[in-house]
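Student: Residue numbers (the numbering used here): 6 to 308. In this text, a Cβ means the ideal position worked out from N, Cα and C, and glycines have one as well. Nothing here was measured: the structure is a model prediction, and the numbers come from that model.
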Ligand code: RIB
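1. So is residue 83 buried or exposed if we call it buried at 16+ other beta carbons inside 10 Å?
2. Compute the minimum distance between the beta carbon of residue 177 and the heavy atoms of the ligand RIB, and state whether it is under 7 Å.
3. Quick check: is any heavy atom of the ligand RIB less than 7 Å from the C-beta of residue 18?
4. Hey, quick one: how far does the alpha helix (DSSP H) through residue 204 stretch, first residue to last?
5. Per DSSP, which residues does residue 91 bridge with? Please list them.
6. Would you mind stating whether residue 265 and residue 281 have Cβ atoms separated by less than 8 Å?
7. Leaving aside the five residues before and after residue 278 along the sequence, list all residues of the same chain whose C-beta is less than 6 Å from its C-beta, in chain order.
8. Does the Cβ of residue 53 lie closer than 7 Å to at least one heavy atom of the ligand RIB?
9. Does the distance between the C-beta of residue 188 and the nearest non-hydrogen atom of the ligand RIB fall short of 7 Å?
10. Which of helix, strand or coil does DSSP assign to residue 14?
11. Could you check where the beta strand (DSSP E) with residue 113 kicks off and where it finishes?
12. Can you grab the Cα-Cα spacing for the pair residue 178 / residue 300, in whole Å?
13. Can you find a heavy atom of the ligand RIB that lies under 7 Å from the Cβ of residue 255?
14. Take every Cβ of the stretch 88-108, pair it with every Cβ of the stretch 164-180, and state whether three or more of those distances are shorter than 8 Å.
15. Are the stretch 198-208 and the stretch 179-186 touching by the rule of at least three beta carbon pairs closer than 8 Å?
16. Pick out the complete alpha helix (DSSP H) segments inside the stretch 166-208, 4 residues or longer, and give them in chain order.
17. Are the stretch 143-154 and the stretch 111-122 in contact at 8 Å, needing three or more beta carbon pairs?
18. So, using beta-carbon positions, are residue 149 and residue 18 closer together than 8 Å?
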């Protein structure tokens, strides 16, 4: 029985590095094109594993070379993967652009991730009952993801939903989420409110609490995060680092948050730990290659 279970995506990232993003209709010359394994689901899962968490990955891969890369990663990281299924569609891929400031733009082609359907859900149903914390994102089929959330909630499993890529979600779903971790853009899409200032982030987070979300952790990039519950609201400062590539920073934040919470840490301490993990992630290139270990985070925090 894994304490933390991730049901989520695998994506092979095609990463183009450039000085600035091209405008519509503009052609630019870039600096490099590289392949890095990523995908929000597996990024979050590997983050948990590297921080010493007991974690299982559930998802769908193609029967192709990219799928084999991910199968090997799961093996190397000692991640339980009995319920990583295979299908005839290719493993998902993404086009990722990184500019000189390390900012990213990403387009994911879901392929195999969208082949995880209700048949697979039935197969994992018993397993869902045994986990402590279930982590989900929105890179798989939305109807299936919502049903997983409903079932997990009915089994008393705590749910951490990273609402990315963002879509508007019904209050029925938001109301049964224990931890919701939107970034500013996702927070704005979820609430229909502007989130340009800290005060607006605060108001939008309160709106989510009013829908029944138990805890909102709004990530604010390098500025840190806002942690809000019915009883307390706190801005927790981020760490200043030189950003090379911001891909997977949100994912590693989520993985670290999950680990710290399941270890019984108070929310503000868990967010502090997650801020450190997110900060270190932006200092390295690629998604999975940029995920740090517990030792590295602890060294970083001890300075
Ligand atoms: O969150 C970063 C991830 O989003 C990338 O690895 C890319 O695959 C997309 O899923």
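Tutor: Taking the definition as stated:
1. In the chain shown, the residue the question calls residue 83 occupies position 78. When all chains shown are included, residue 83 counts as exposed.
2. What you label residue 177 is simply residue 172 of the chain shown in a count that begins at 1. Flag unset: Cβ of residue 177 not near the ligand RIB.
3. Counting from one through the chain shown, the residue named residue 18 turns up at place 13. Flag set: Cβ of residue 18 near the ligand RIB.
4. In the chain shown, the residue the question calls residue 204 occupies position 199. That run of the alpha helix (DSSP H) goes 203-215.
5. The count along the chain shown starts at 1 and reaches residue 91 at position 86. According to DSSP, residue 91 bridges with 66.
6. Taking the first residue of the chain shown as 1, we reach residue 265 at position 260. Taking the first residue of the chain shown as 1, we reach residue 281 at position 276. Contact: no.
7. For the purposes of this step, residue 278 is identified with residue 273 of the chain shown, where counting begins at 1. Same-chain partners within the cutoff: 261 and 265.
8. The residue labelled residue 53 in the question sits at position 48 within the chain shown. With a cutoff of 7 Å, residue 53 does not count as near the ligand RIB, since its C-beta is closer than that to no heavy atom of the ligand.
9. As a working mapping, residue 188 is identified with position 183 in the chain shown. Taking 7 Å as the cut-off, the C-beta of residue 188 does not count as close to any heavy atom of the ligand RIB.
10. In the chain shown, the residue the question calls residue 14 occupies position 9. Coil.
11. Here residue 113 refers to the residue found at position 108 of the chain shown. Element bounds for residue 113: 109-114.
12. On the chain shown, residue 178 is found 173 positions in, with the first residue counted as 1. On the chain shown, residue 300 is found 295 positions in, with the first residue counted as 1. Straight-line Cα distance between these residues: approximately 36 Å.
13. Position 250 of the chain shown, counted from the start, is the residue given in the question as residue 255. Yes.
14. Too few Cβ pairs lie closer than 8 Å, so no.
15. With a cut-off of 8 Å, the stretch 179-186 and the stretch 198-208 do not count as touching, because too few Cβ pairs lie within range.
16. Complete alpha helix (DSSP H) runs here, min 4: 176-179 and 189-196.
17. Contact annotation: the stretch 143-154 touches the stretch 111-122, with at least three C-beta pairs closer than 8 Å.
18. To locate residue 149, count along the chain shown from 1; it is residue 144. To locate residue 18, count along the chain shown from 1; it is residue 13. No, the Cβ-Cβ distance between residue 149 and residue 18 is not below 8 Å.
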